[in-house]
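The listed protein sequences derive, respectively, from chains A and B. Mapping the first sequence onto the working numbering, position 179 (from 1) lands on 770, and the numbers just tick up by one. Mapping the second sequence onto the working numbering, position 165 (from 1) lands on 756, and the numbers just tick up by one. All residues carry an ideal CB built from backbone N, CA and C; glycine is no exception. Following: one structure in C-alpha cells, then a few remarks.
There are 2 protein chains.
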Amino acid sequence: MKQRQSRRQRNAPTISDVARSAGVSPMTVSRVINGESNVRAKTRDAVLAAIESLGYTPNRAARSLASADQIIIGLLYSNPSAAYLSEVLVGGLEQASRHNIQLVVEKCDTEEDAETVAARLMAGGVEGLLITPPLSDQPRMQELLRASDTPAAAIASENAYNNTSAVSIDDYQAAFAMTRHIISLGHRRIGFVIGDTNQIASGRRLAGYRDALREAGLPVDDALEAQGHFTYRSGLQAAEQLLAVEDRPTAIFASNDDMAAATVAIAHRRGLDVPSDLTVCGFDDTALATTVWPELTTIHQPIIEMARAAVDLLVEEVRARRDGEVLEGRHQLLDFTLVQRQSDAPPPAESDGKRRVGGTTSV
Amino acid sequence: MKQRQSRRQRNAPTISDVARSAGVSPMTVSRVINGESNVRAKTRDAVLAAIESLGYTPNRAARSLASADQIIIGLLYSNPSAAYLSEVLVGGLEQASRHNIQLVVEKCDTEEDAETVAARLMAGGVEGLLITPPLSDQPRMQELLRASDTPAAAIASENAYNNTSAVSIDDYQAAFAMTRHIISLGHRRIGFVIGDTNQIASGRRLAGYRDALREAGLPVDDALEAQGHFTYRSGLQAAEQLLAVEDRPTAIFASNDDMAAATVAIAHRRGLDVPSDLTVCGFDDTALATTVWPELTTIHQPIIEMARAAVDLLVEEVRARRDGEVLEGRHQLLDFTLVQRQSDAPPPAESDGKRRVGGTTSV
DNA sequence: CTGAAAGCGCTTACAG
DNA sequence: CTGAAAGCGCTTACAG
C-alpha cells in the first residue's frame, strides 16, 4: 500500500506533540492553553513543561477556524501617547493572541480622525475598542463612545462609565507614596508641578501630594505648586517658577517624567546639582526617565499588564454581549512601583537647618 | 438518535454551499477561486455565478490552515530599542497580516537571552527572524544567525550577509545632507558627536559629516569631533568637550537625538541659547526630538516602512527556501527625511566674523 | 477533572 | 477536466 505523502510543511510541534510529550490528551492541552480552570495543577504543570520544552506555539489559523468565535477589537492611539505605545502593543498583542482574537491597530492623529477611524472600525465588524491616553481623556472621544454603545476599555485612565471600562494604577496613592518618600529623605519644602488640568490623573496626583504633606504636618503652600501641561516645555516654565521662590524648595516632584526632566535641566542651568542641591522626582517611568542624567526616581506604571487587563475586560464584555447581557463599565486597579534611581537625596545641610524652623512654624 | 448541535456560528456561505448551488464539487470551486486554468469555461462561469449570488467569501483561517502555507516569523527586540519598537511593531504587524503570516513578538533582555529565545523560536517552527537594533549589531547575535542558517532581516542596519538581509536608510548620505544643511545656514565650525563605535552606522555618519565638510572646502578638525556612545550621558560629556574648545563651534551635529538633547542641556547650562548661540542637530527623530525644547532638527528614519520592507524580504526568502533555493542576504535602502524644527539657525553675527578668518586660515 | 469523536472550511495528493 | 478522500491543527459538544 502506498503511503500518502504528508501535507505538513512546517516541522512545528502541534497540540498532539505536546499531548504525547506530557502524557495527556490533546483536549487537556487545549484546556491549559486556554487557561480553563478545570485542570489539575499537576496536569497543568506537566503540559506547561512540555509546551516550554518543545517551544510550542498554537496555530492561530487552526484556532480561529475551530472556534468559529472570531472577535476583533481595535486599538486606537494618537501621537502623544508614543511613550506608552510600544508597551501597550506588546501587552495588548500578547493577550489578544492568548484569547485568539484579532487586534487591529489604528492611529488617529486628530480628534476628528478618531471619530472617523472608530466609525470605520465598528462598521468593519470591530466589536470593542481599546483606547490609550491622551485619546481616552478627550471629551469628544468619550461622547463618541457613550453615543455608540460600543464597549471600550481605556488604559491608564481611572474614568469608567457605562460601556467603557478603565485600567489604571491609583494615581492618588502613587503621588502620596512618592511625596512620603521625599519627606522621609528629610525634605520639608517640596515643590510640585501639576499636570494638565483636563486629564483626570492630574487632580488625583495633586491630591496625593497635598495629603502626604498634611499627614506629615507640613504646610500646603500655594507658592510651591506650579501648573504644567505634561510637556517638557511647560516643565521648564514651572521649574523656573518654583526655583525663583524665596526660600526655594529642596525637592520638586513633577506629575510626569517629561516635566521632571525639564526641572533637572533648569536646575542645571542655575548651577544646582541634582540630587545634592535639589531632589527631582517624576511619574510614569517612560524612556525619558532613564535617558536623562541623573536617571529619574519615578513612579512605574505596569503598562504591559494594564494593556493585558484591558483586553481581558473588553473580551469579557464582548462575549457577554454575544450572550445578550451588558456589563457595566468596570475600573481595575493595578499596583504601581516607586523606582528609586539617582535623582533623589536628602536635602543639603544648609536647608536642613531651615527645615527645622519651617517645621516648627508650619501653619 | 440525538442530533449533535452544529458548531457553526457564522451563517456565511461556504465552499460547499457554492458547490451545491453550481452543481459541482467543492474541489472545482476551490480551483476557480484559486484561478487555476484547468477548469472548463462553462463550469467556471457556473461557479462564478453561484459565488456571486451567494455572496461567498473564502474563510482565511481555513485557507491558511489547509494550505499548510503558514509562515511564522519572529520579531526579536531588546530593551534599548524601545524608541523604535512601537513603529517596528506597527509596520511589522501590518505587513504580516497582509501576507497572512503570523508574527511572534519576543523580548530578550540580555545577549544570552537572545540566543535562548532565538533557539526556542526556531525549534517552535519560526522560519525567519526580524531583528532590531541594537540586537542586530551585537556580534554574538550575528554569529548566531550565521551559524543557524535561519533567514533573518535586520531593521535599521546596513549590514547584510549570507542569510541576513538588512533594511536601512543611507546613514552616510543622511549625515552628509544634514552637515550640508548646517553649512548652508552659514556655519563654518561644526562640531560632531560620534556614535558608539560598535554600531556600523556610527562610522558611516562620521564619514558623511567629514565629506560634507570637505565638499564645502572646510577643514576636518579633530578638535571638533567628540566620541559618544549614543547615550544621553555620553552626549553630556561630548558636548562639554566640544564647547570647551577654543574658538568653539557654532553648531553641533550629534549622531543621535539622545546626544543632541544632551548637547542642548549643556549649552543651556553654559548660558548659550539654542539655536541663536548654538545650532544643535540630531539623528533618528525619536520621541525625544520633539520632547525637548527647542525641538530638534534631525534626520527622520521611516521605521514603519523599514519594518514592512523587512517583513517582505523575509517572507520572500522563506518562500524561496521552501522551493529549495536560498537567496543571498539583500540590502534595501529607503529614503530619509531631514526634519527642520527649532534647534538650527544661522551662526551669531560675532562668530560670523570669525568664520571668514577661519575659512582663510584653514589648513 | 479528562478524553474520544466530530467538525470548523478549505486544499493537497491522488485517481480517474 | 473533475471529484472522493484525507488532512491541516485546533475546539466544541458530549460522555464519563
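Short CB-CB distance (under 8 angstroms) between residue i and chain A
i	result
B:R595	Below a pLDDT of 50, predicted positions are generally treated as unreliable, and B:R595, at 46, falls in that range; the measurement from the model is reported next regardless. No - not a single Cβ of chain A is within 8 angstroms of the one on B:R595.
B:V902	no
B:L736	no
B:T882	yes
B:G915	no
B:G716	yes
B:L712	yes
B:S934	no
B:T951	Low confidence applies here, because B:T951 scores a pLDDT of 34, under 50, leaving its location unreliable; read the following figure in that light. No, no contact with chain A.
B:V954	In this prediction, B:V954 scores a pLDDT of 30, lower than 50, which makes its location untrustworthy; the coordinate-derived value is nonetheless stated afterwards. Not closer than 8 angstroms to any Cβ of chain A, the Cβ of B:V954 fails to qualify, so no.
Minimum Cβ-Cβ distance from residue i to chain B less than 8 angstroms
i	result
A:M592	Only weak support exists for where A:M592 lies, its pLDDT of 36 falling under 50; the value from the coordinates is given anyway. False, the Cβ-Cβ gap to chain B never drops below 8 angstroms.
A:D608	no
A:A745	no
A:N625	no
A:A603	yes
A:R946	Note that A:R946 scores a pLDDT of 40, beneath 50, so its modelled location is shaky and nothing firm can be said.
A:S942	Reliability fails at A:S942, whose pLDDT of 47 lies under 50, so the model's placement of it is uncertain and no value is given.
CB-CB length for residue i against residue j, believed under 8 angstroms
i	j	result
A:I1013	A:A842	As shown, chain A starts at 592 and ends at 954. That puts residue 1013 of chain A outside it, with no answer to give.
B:L815	B:L833	7 angstroms
B:G786	B:S846	4 angstroms
A:A880	A:T889	5 angstroms
B:E896	B:G682	6 angstroms
B:S934	B:V855	7 angstroms
A:L656	B:A652	4 angstroms
B:R796	B:D762	5 angstroms
A:T648	B:I663	7 angstroms
A:V930	A:D875	Actually they are not in contact, since the Cβ atoms of A:V930 and A:D875 sit about 10 angstroms apart, beyond 8 angstroms.
A:V865	A:A817	In fact, because the Cβ distance is near 17 angstroms, the residues do not count as touching under 8 angstroms.
A:A610	B:G716	That belief does not hold up - the Cβ atoms of A:A610 and B:G716 are roughly 17 angstroms apart, past 8 angstroms.
B:P742	B:L905	6 angstroms
Exercise. Listed in chain order, which residues of the region 646-672 of chain A have Cβ atoms closer than 7 angstroms to some Cβ of chain B?
Worked result: Only G646, Y647, T648, N650, R651, A652, A653, S655, L656, A659 and D660 from the region 646-672 of chain A bring a Cβ to less than 7 angstroms from some Cβ of chain B.
Exercise. Closer than 7 angstroms, Cβ to any Cβ of chain A: which residues of the region 674-699 of chain B, in chain order?
Worked result: So the list reads A674, L676, S677, L680, V681, L684, Q693, V695 and V696, given in the order they occur along the chain.
Exercise. Are the region 747-761 of chain B and the region 705-713 of chain B touching by the rule of at least three beta carbon pairs closer than 8 angstroms?
Worked result: The region 747-761 of chain B vs the region 705-713 of chain B: no contact.
For this session: Anything in the region 847-879 of chain A with a Cβ closer than 7 angstroms to a Cβ of chain B? List those residues in chain order, please.
Result: Correct list: D849, A856, H859, R860, A878 and L879.
Exercise. Which residues, in order along the region 808-835 of chain A, keep a beta-carbon less than 7 angstroms from a beta-carbon of chain B?
Worked result: Residues Y823, R824 and L827.
For this session: Entirely within the region 736-778 of chain A and at least 3 residues each: give me those beta strand (DSSP E) ranges in chain order.
Result: Whole beta strand (DSSP E) segments, 3+ residues: 743-746 and 755-760.
For this session: Give a yes or no on contact between the region 889-903 of chain B and the region 915-928 of chain B, applying the rule of three or more CB pairs nearer than 8 angstroms.
Result: Result yes; three or more Cβ-Cβ pairs closer than 8 angstroms.
For this session: Would you mind listing the alpha helix (DSSP H) stretches within the region 810-841 of chain A that are 4+ residues and don't spill past its ends, in chain order?
Result: Fully enclosed alpha helix (DSSP H) runs of 4 or longer: 823-835.
Exercise. Counting Cβ pairs, one atom from each stretch, are 3 or more of them under 8 angstroms apart for the region 716-735 of chain A and the region 846-862 of chain A?
Worked result: Flag = no, the region 716-735 of chain A and the region 846-862 of chain A do not touch.
For this session: Would you check if there are 3 or more beta carbon pairs closer than 8 angstroms linking the region 682-696 of chain B to the region 635-644 of chain B?
Result: No: fewer than three Cβ pairs fall under 8 angstroms.
Exercise. Which residue spans inside the region 660-709 of chain B form an unbroken beta strand (DSSP E) run of at least 3?
Worked result: Within the region 660-709 of chain B, the complete beta strand (DSSP E) runs of at least 3 residues are 663-668 and 693-698.
Exercise. Of all the alpha helix (DSSP H) runs that stay within the bounds of the region 867-939 of chain B, which reach a length of 4 or more residues?
Worked result: Listed in chain order, they are 878-882 and 894-913.
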